[in-house]
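Below is one structure, written out as structure tokens, with a few remarks after it.
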Amino acid sequence: MAITDRGDIKPNETYTFKGKLVRHEGKLTLMDADITEEPPETTIAEIKHTYDFDPKREEVAVAGRLVAWRPMGKAIFGHIQDLLGKLQIYIRKDLVGEEKFKFIKEFVDLGDIVGVKGKLFRTNTGELTVEVEDLQLLSKCLHPLPEKWHGIKDVEVRYRQRYLDLIANPQARQIFLMRSRLLAEIRRFMVDSGFFEVETPTLQPIASGANARPFVTHHNYLDMDLYLRIAPELYLKRLIVGGYPKVFEIGKNFRNEGVDTTHNPEFTMMEFYAAYWDYNDLMKFTEKLFQHLIDTVLEGKSEVTFEGHRINLKPPFRVVRYFDLLKEKTGKDKDFFLRAPIEELRKFATELGVKKAETLTRAKLIDKIFEKVGEPELIQPTFVIDFPKILSPLAKEHREDPDLVERFELIIGQMEIGNAYTELNDPKDQYQRFLEQLKEKQAGDDEAMEMDTDFIRALEYGLPPTGGEGIGIDRLAMLLAGVNSIREVILFPAMRPEEKEKGEG
RNA sequence: GAGCCGGUAGCUCAGUCGGUAGAGCAACGGCCUUUUAAGCCGUGGGUCCCGGGUUCGACUCCCGGCCGGCUCACCA
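Under the numbering used here, residues 6 to 510 are what the first sequence spells out, in order.
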């Protein structure tokens, strides 16, 4: 290691880049000079775990980011950290040798990635520690780390530089570890329940399957506009036509709408479809899924705190009919909402505080009124069932009431977590519903659905009786993590660019 | 898109009723071989978000803008 002899390196200089303090890049040359050839043999969590079972002065080789550094003359204490744990290291001059010790003091900084080799022991205070025999500088950190006990609080920095959030804030690591676990457990549960995981197009010639404004893009070679999908629904039902008994897809949907604490322009959904199920089967299945998530992700704890409410996720969930809830809150019955003159309904909506009611269609009015009076009550998990048909162009007519469909939404903490129905599998009826959507579109609802004629054709080949459901993964993660912003559970949430490039025309 | 609030050192924050700024941590120079928010002595560090206006003088007041947060509107 001749590097310390080089006179041209001034290890402790700093410079500024765009006004930010950065350590001298002279240190960068060290990265190539002192990289170990051997990857670490183990992780910090593994070391701690095995030591608990079999405590002995074992030789370990492990790497991590230096997050604490306490030099004390001829010895140094520090902590290295990886995603899952933190481990103390103890460097003694007489053990690593004079030259190495000098190198460490001069060139190793807080924030660097280092690899250490040494024996495990416990200090006087009982903390598991590596007595370092050798330390390798694996990568330099040119910026000072955030403050060690407040971490990064500035939410803007936390979202833009998520890597810093993950380094400095243990709560952030916890949330995203939980999200990984959530995805893994959902997949495990679905596969164990006989579902096939599939992937369907995110670039679609027709954006359908939900009511939302799409993002538009263009394919140069085919010279056609394409939409980023707002939902995978119609493709997944085509797969049921094709013979899949049960399918699920976990993936991104894209909706060109506002950004707030419960909406990100791209978000993760799971949709699943099961032949020969109806919405009653879906409710039972959803409850089983939640029980599985309580047993695994939440480690048996069924209560979460969300927006100041204690919410119990343990099934079974409350069930309430859509129009029963509306009647309870407004005193008006189904016939009023579905058959009263539209002017009367608009007047009623305006009284309830619905804005621009005079421009809305009946379907929109009912939807708005429900959001105004119904949803605020729904804190504990609730299946709201039997939606009006005019709000649900892809759902099958209710077996007992032609005004309704066999549909439910699962609402928790005032958030729509799931949406499900017995699927409409009558091609003629589906065609009519699409036509009605086109009418809605002409009446000013730019989120009404598009006609998809190939989907109609698929239904003509025979869609078995089918139940289908979508679950919003981000919102579910918010609930399980107990955080009130969707940005807290999305690693890189949508943000405006930090600074505009200068000199652009 | 509208309203309210915010942007000061790398980080967390204080402050200036208008006279160009401080603390702790981090950094840098010393001392220190069981510390862990290590300790002790010393040092440096700021386009106070950007642009314009008022003023002898603006980080502070006024106007405009950028970015973010919250609430509302739209959506899931």
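Glycine included, C-beta positions come from ideal geometry on N, C-alpha and C.
Reduced DSSP secondary structure (H/G/I, E/B, other) of residue i
i, result
"Y164", "helix"
"Q385", "coil"
"L26", "At L26, the pLDDT of 43 sits below 50, so the modelled position is not reliable and the matter cannot be decided from this model."
"H155", "coil"
"L318", "coil"
"N430", "coil"
"T273", "strand"
"D450", "coil"
"E349", "helix"
"F201", "strand"
"V137", "strand"
"Y466", "coil"
"M420", "strand"
"T34", "Bear in mind that a pLDDT of 44 at T34, under 50, signals an unreliable position, so the number given afterwards is only what the model happens to contain. T34: helix per DSSP, three-state reduction."
"V410", "strand"
"F295", "helix"
"K91", "strand"
"T55", "helix"
"L365", "coil"
"R323", "strand"
"I390", "strand"
"D457", "coil"
"D338", "coil"
"H403", "coil"
"K61", "coil"
"N489", "coil"
"L241", "helix"
"L330", "helix"
"L188", "helix"
For residue i, the nearest candidate out of the options (CA to CA)
i, options, result
"R326", "K293, L318, E380 and P320", "E380"
"L343", "E382, G358, K394 and E312", "K394"
"E204", "S397, M275, W74 and E445", "M275"
"E104", "K79, L125, L88 and K122", "K79"
"F328", "I52, L440 and D372", "D372"
"L188", "H403, K110, G256 and I347", "G256"
"T364", "E428, K377, E348 and F375", "E348"
"K124", "V135, L429, T130 and G131", "V135"
"C146", "A212, E190 and G69", "G69"
"T273", "S307, V324, S198 and T207", "T207"
"P502", "Y164, H224, F201 and K360", "Y164"
"I495", "L294, T266 and H314", "T266"
"D114", "I81, N129, K91 and E138", "I81"
"R184", "F497, I478 and P498", "I478"
"E312", "M420, R351 and K61", "M420"
"D457", "V121, H54 and Q209", "Q209"
"K53", "F126, L396 and E411", "F126"
"R62", "G248, T128, L143 and E271", "T128"
"I172", "M195, L143, D338 and Q86", "Q86"
"H403", "L429, Q442 and P386", "L429"
"V488", "P407, D451 and Q176", "Q176"
Residues sharing a beta bridge with residue i, DSSP
i, result
"M483", "Per DSSP, none; premise fails for M483."
"V119", "G69 and L142"
"K251", "A279"
"M229", "H224"
"N174", "Note: N174 sits in no beta bridge, so no partner."
"P76", "I81"
"I476", "M275 and G423"
"V309", "I316"
"F126", "T134"
"L357", "Paired residues: none, contrary to the question."
"G256", "M274"
"R97", "A80"
Cβ-Cβ distance between residue i and residue j below 8 Å
i, j, result
"A354", "A345", "no"
"V119", "L140", "yes"
"Y436", "I417", "no"
"A50", "R243", "no"
"L241", "Y281", "no"
"L481", "I422", "yes"
"L100", "G83", "no"
"R260", "R218", "yes"
"G214", "L182", "no"
"T301", "E190", "yes"
"G472", "D228", "no"
"N269", "I491", "yes"
"V121", "F201", "no"
"F388", "F322", "yes"
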